[in-house]
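Student: Next up is a structure, given as structure tokens.
Protein chains: 4
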Amino acid sequence: MINNCYTRSAAYYETDQMGIVHHTNHIRYYEEARVDFMHKIGCDVKELEQNGIYIPNIDAYAKYKKPIKFSDKFYVEVRLAQFNGTKMHYEYTVRLCENDEIASTGYTTHCFVDDDFKPFNLKKKFPVYYNRLAESVT
Amino acid sequence: MINNCYTRSAAYYETDQMGIVHHTNHIRYYEEARVDFMHKIGCDVKELEQNGIYIPNIDAYAKYKKPIKFSDKFYVEVRLAQFNGTKMHYEYTVRLCENDEIASTGYTTHCFVDDDFKPFNLKKKFPVYYNRLAESVT
Amino acid sequence: MINNCYTRSAAYYETDQMGIVHHTNHIRYYEEARVDFMHKIGCDVKELEQNGIYIPNIDAYAKYKKPIKFSDKFYVEVRLAQFNGTKMHYEYTVRLCENDEIASTGYTTHCFVDDDFKPFNLKKKFPVYYNRLAESVT
Amino acid sequence: MINNCYTRSAAYYETDQMGIVHHTNHIRYYEEARVDFMHKIGCDVKELEQNGIYIPNIDAYAKYKKPIKFSDKFYVEVRLAQFNGTKMHYEYTVRLCENDEIASTGYTTHCFVDDDFKPFNLKKKFPVYYNRLAESVT
Numbered sequence: 000m001i002n003n004c005y006t007r008s009a010a011y012y013e014t015d016q017m018g019i020v021h022h023t024n025h026i027r028y029y030e031e032a033r034v035d036f037m038h039k040i041g042c043d044v045k046e047l048e049q050n051g052i053y054i055p056n057i058d059a060y061a062k063y064k065k066p067i068k069f070s071d072k073f074y075v076e077v078r079l080a081q082f083n084g085t086k087m088h089y090e091y092t093v094r095l096c097e098n099d100e101i102a103s104t105g106y107t108t109h110c111f112v113d114d115d116f117k118p119f120n121l122k123k124k125f126p127v128y129y130n131r132l133a134e135s136v137t
Numbered sequence: 000m001i002n003n004c005y006t007r008s009a010a011y012y013e014t015d016q017m018g019i020v021h022h023t024n025h026i027r028y029y030e031e032a033r034v035d036f037m038h039k040i041g042c043d044v045k046e047l048e049q050n051g052i053y054i055p056n057i058d059a060y061a062k063y064k065k066p067i068k069f070s071d072k073f074y075v076e077v078r079l080a081q082f083n084g085t086k087m088h089y090e091y092t093v094r095l096c097e098n099d100e101i102a103s104t105g106y107t108t109h110c111f112v113d114d115d116f117k118p119f120n121l122k123k124k125f126p127v128y129y130n131r132l133a134e135s136v137t
Numbered sequence: 000m001i002n003n004c005y006t007r008s009a010a011y012y013e014t015d016q017m018g019i020v021h022h023t024n025h026i027r028y029y030e031e032a033r034v035d036f037m038h039k040i041g042c043d044v045k046e047l048e049q050n051g052i053y054i055p056n057i058d059a060y061a062k063y064k065k066p067i068k069f070s071d072k073f074y075v076e077v078r079l080a081q082f083n084g085t086k087m088h089y090e091y092t093v094r095l096c097e098n099d100e101i102a103s104t105g106y107t108t109h110c111f112v113d114d115d116f117k118p119f120n121l122k123k124k125f126p127v128y129y130n131r132l133a134e135s136v137t
Numbered sequence: 000m001i002n003n004c005y006t007r008s009a010a011y012y013e014t015d016q017m018g019i020v021h022h023t024n025h026i027r028y029y030e031e032a033r034v035d036f037m038h039k040i041g042c043d044v045k046e047l048e049q050n051g052i053y054i055p056n057i058d059a060y061a062k063y064k065k066p067i068k069f070s071d072k073f074y075v076e077v078r079l080a081q082f083n084g085t086k087m088h089y090e091y092t093v094r095l096c097e098n099d100e101i102a103s104t105g106y107t108t109h110c111f112v113d114d115d116f117k118p119f120n121l122k123k124k125f126p127v128y129y130n131r132l133a134e135s136v137t
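Residue numbers (numbering that gives the first Met the number 0), protein chains in the order written: chain H, 0 to 137; chain D, 0 to 137; chain Z, 0 to 137; chain X, 0 to 137.
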């Protein structure tokens, strides 16, 4: 089973003057965790791009529960919740390592586009990647 | 009537290797537009913080329609959709200046907290700000 | 004469927990000012890239004098100090609009590379851009 | 002997449309490495701030040799080169893990200020931190 957990600590430049990690950085952490997850399941984002597969966001959402502060260690749990060849939907939970409390939960939805930003179905053109993603839905 | 429109162009460092503005920057643009709006209605964020009023995000959402590219001019329409003294909810539309096409739509929800991150109701402690926000809901 | 001045105010997300604009953002402001300057002299960066001319940094330096705080208005004076067809060197001064005090001074050096990141001399391949830059050195 | 090496890989959102990590992010990596180093020598930045010691940048410089690309692993070597109680000067080398090639070299200089941004000498008020830094100069 894939380890779907991505761990980091918060950088100084990620804080804002409220003394907490700026809210948009949570969504950047989601991206880091998704990239890590996709690598682990054999769908490395760099490799996909070299094959002409780009994965822009269709949407992104974050719900903030507890602030992350500078140097806090946290981990991101990532789950591929839906995938049908044209779209994939990920869910994320960020937890503080200290006490496992939830810092934020969120989701992102993505499609697959070519060099010209034309959406396409992964199934026909890239069955190997399609299968790896399909098998990773939980 | 308040001008609820905030105009900018996309910086080079805001792009990513897909050749478009990174999706999280749309949500940063929402913040810039909300800060601008709050200033215009007499609820300047800097002034609020000097009075011990902090406005963290409860959530943030963006739905992406068209990419913004480097140096594209765009404007953000911002609307205070809900406010009840403890929370406020903003809706945003980012449009490209060139053709008024929607780049993204989104929303953010905020509460009011003091120096210790304790939430409070703006109505009792800061009736002037309360009234200005209440009158700006549309 | 080219207006070499670029004006902005500091965004909330650009601050850090020291309550000031994070130091690296000054260098991002330099980039914004340089892009603005290059557009004004007829060397628009987007247009250059469409012609296969990329302008990576060789170096970047900033010396910090006064903090920029959230919502402070500031302007960046930019000067093309050296240009010889293969490199160009810019100098920057960021000043607070309120009192013209210097927030930072800095410089960046750039070369010109093609799609494969091979450096080249602008003079032979792009004499029009070469001349516009050469005439803008002060 | 302190391990002065800090390892990471480049995030997607750190790239720009040139397909490389944006140059200002190298300087953010320097900061991450310095924070890591200071923690290891017993001068944890979070702890220092809790004691009213803030460490703004006086300057920052980076010289770029090789681009870092998305998902590249790299490490930052950090060295405290000078320290006299009122200022400290760090030098950095970022190398790609793949081949140990230098991506960038740089430096930053810092002073110590209190809550009111007044500079002070660490020696008198915080001899323990002073000694730890003094002993870490190499």
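Where a beta carbon is used, it is the ideal one built from N, C-alpha and C, also for glycine.
Pop quiz: Thr107/D and Ile101/D are said to be a contact at Cβ under 8 Å. What is the actual Cβ separation, rounded to whole angstroms?
Tutor: Numbered from its first residue, the second sequence carries residue 107/D at position 108. Numbered from its first residue, the second sequence carries residue 101/D at position 102. Between Ile101/D and Thr107/D the Cβ distance is about 17 Å, and since that is not below 8 Å, they are no contact.
Student: How would you label Gln81/Z, buried or exposed, when you count the other beta carbons within 10 angstroms and need 16 or more for buried?
Tutor: Residue numbering aside, residue 81/Z sits at position 82 when the third sequence is read from its first letter. Exposed, since its Cβ has fewer than 16 Cβ neighbours within 10 Å.
Student: Identify each residue in the region 9-31 of chain Z for which the Cβ-Cβ distance to at least one residue of chain H is less than 7 Å, and report them in chain order.
Tutor: Per Cβ criterion, the list reads Tyr11, Tyr12, Thr14, Asp15, Gln16, Gly18, His21, Thr23.
Student: Would you mind stating whether Ile52/D and Tyr63/H have Cβ atoms separated by less than 8 Å?
Tutor: Here residue 52/D refers to the residue found at position 53 when the second sequence is read from its first residue. Here residue 63/H refers to the residue found at position 64 when the first sequence is read from its first residue. Result no, Cβ atoms of Ile52/D and Tyr63/H do not sit closer than 8 Å.
Student: Is the distance from the Cβ of Phe125/X to the Cβ of Pro118/X below 8 Å?
Tutor: Position 126 of the fourth sequence, counted from the start, is the residue given in the question as residue 125/X. Position 119 of the fourth sequence, counted from the start, is the residue given in the question as residue 118/X. No; because the gap between Cβ atoms is not below 8 Å, this pair is not in contact.
Student: Considering only residues of the region 53-121 of chain D, which uninterrupted beta strand (DSSP E) runs meet the minimum length of 3 residues and lie entirely inside it, listed in chain order?
Tutor: The qualifying runs are 56-63, 72-82, 86-95, 101-110.
Student: Ser70/H touches chain X at which residues, Cβ-Cβ below 9 Å?
Tutor: Walking along the first sequence from the start, residue 70/H turns up at place 71. Neighbours of Ser70/H on chain X, chain order: Val34, His38, Asp43, Val44, Lys45.
Student: Look at the alpha carbon of Phe36/D and the alpha carbon of Arg78/D, and state the distance between them as a whole number of angstroms.
Tutor: Residue 36/D sits at position 37 when you count from the first residue of the second sequence. Residue 78/D sits at position 79 when you count from the first residue of the second sequence. Taking the straight line joining both Cα atoms gives about 9 Å.
Student: Do Ser103/X and Ser8/X come within 8 Å of each other at the CB atom, strictly closer than that value?
Tutor: As a working note, residue 8/X is residue 9 in the fourth sequence. As a working note, residue 103/X is residue 104 in the fourth sequence. Against a cut-off of 8 Å, the Cβ pair of Ser103/X and Ser8/X comes out as no contact.
Student: If you run the structure through DSSP and keep just helix, strand and coil, what is Val20/H?
Tutor: Your numbering for residue 20/H matches position 21 in the first sequence. DSSP places Val20/H in strand when its eight states are reduced to three.
Student: Which value, in whole angstroms, describes the spacing of the CA atoms of Thr6/X and Asn120/D?
Tutor: Position 7 of the fourth sequence holds residue 6/X. Position 121 of the second sequence holds residue 120/D. The alpha-carbon atoms of Thr6/X and Asn120/D are separated by roughly 45 Å.
Student: Checking contacts by CB at 8 Å: is Asn56/X closer than that to chain Z?
Tutor: As a working note, residue 56/X is residue 57 in the fourth sequence. It does: the Cβ of Asn56/X has a partner Cβ on chain Z nearer than 8 Å.
Student: Leaving out five residues before and five after Asp43/Z in sequence, what residues of the same chain have Cβ atoms less than 8 Å from its Cβ?
Tutor: The residue labelled residue 43/Z in the question sits at position 44 within the third sequence. Counting only Cβ-Cβ distances below 8 Å, and skipping sequence neighbours, we find Met37.
Student: Using a Cβ cut-off of 8 Å, pull out every chain H residue sitting near Lys62/D, in sequence order please.
Tutor: Here the question's residue 62/D lines up with position 63 in the second sequence. The answer, in chain order, is Ile57, Asp58.
Student: Should Tyr53/H be flagged as near chain D, meaning a C-beta pair shorter than 8 Å?
Tutor: What you label residue 53/H is simply residue 54 of the first sequence in a count that begins at 1. Yes, contact with chain D.
Student: Using DSSP bridges, identify the partner residues of Tyr5/X.
Tutor: Here residue 5/X refers to the residue found at position 6 when the fourth sequence is read from its first residue. Paired residue(s): Val75/X.
Student: Looking at chain H, is there any beta carbon in it that lies within less than 8 Å of the beta carbon of Val127/D?
Tutor: Within the second sequence, the letter at position 128 stands for residue 127/D. For Val127/D, the answer is no, since every Cβ of chain H falls outside 8 Å of its Cβ.
Student: Report yes if the CB atom of Gly105/Z is closer than 8 Å to the CB atom of Ile54/Z, and no otherwise.
Tutor: Counted from its first residue, the third sequence places residue 105/Z at position 106. Counted from its first residue, the third sequence places residue 54/Z at position 55. Contact flag unset, no.
Student: For the candidate residues Thr85/X, Asp15/X, Lys123/X, Arg94/X, whose alpha-carbon lies nearest to that of Glu48/Z?
Tutor: As a first step, residue 48/Z is located in the third sequence; it is residue number 49 there, counting from the start. Selected option, being the one with the closest Cα: Asp15/X.
Student: In whole angstroms, what separates the C-alpha of Asp114/H from that of Ile40/H?
Tutor: Numbered from 1 along the first sequence, position 115 holds the residue referred to as residue 114/H. Numbered from 1 along the first sequence, position 41 holds the residue referred to as residue 40/H. Rounded to the nearest angstrom, the two C-alpha atoms are 23 Å apart.
Student: CB His22/H to CB Ala61/H, shorter than 8 Å?
Tutor: As a working mapping, residue 22/H is identified with position 23 in the first sequence. As a working mapping, residue 61/H is identified with position 62 in the first sequence. A contact, by the Cβ cut-off of 8 Å.
Student: Assuming contact is defined by CB atoms lying nearer than 8 Å, are Glu31/H and Ala10/X in contact in what I supplied?
Tutor: Within the first sequence, numbered from 1, the residue matching residue 31/H stands at position 32. Within the fourth sequence, numbered from 1, the residue matching residue 10/X stands at position 11. Against a cut-off of 8 Å, the Cβ pair of Ala10/X and Glu31/H comes out as a contact.
Student: What is the residue span of the alpha helix (DSSP H) that Val127/H lies within?
Tutor: Reading the first sequence from its first residue, position 128 is the one you call residue 127/H. Segment 126-135, the alpha helix (DSSP H) holding Val127/H.
Student: Going by the beta-carbon positions, is the gap between Lys68/X and Gly18/X smaller than 8 Å?
Tutor: Within the fourth sequence, numbered from 1, the residue matching residue 68/X stands at position 69. Within the fourth sequence, numbered from 1, the residue matching residue 18/X stands at position 19. In this structure, Gly18/X lies closer than 8 Å to Lys68/X by Cβ.
Student: For the alpha helix (DSSP H) that Glu48/X lies in, which residues bound it at each end?
Tutor: Residue numbering aside, residue 48/X sits at position 49 when the fourth sequence is read from its first letter. 44-49 is the extent of the alpha helix (DSSP H) around Glu48/X.
Student: For Glu13/D, is the classification buried or exposed, using 16 other Cβ atoms within 10 angstroms of its Cβ as the cut-off for buried?
Tutor: For the purposes of this step, residue 13/D is taken as residue 14 along the second sequence, with counting starting at 1. Result: buried.
Student: Check whether the Cβ atoms of Glu76/X and Asn24/X lie closer than 8 Å to each other.
Tutor: Residue numbering aside, residue 76/X sits at position 77 when the fourth sequence is read from its first letter. Residue numbering aside, residue 24/X sits at position 25 when the fourth sequence is read from its first letter. Going by C-beta atoms, Glu76/X is not nearer than 8 Å to Asn24/X.
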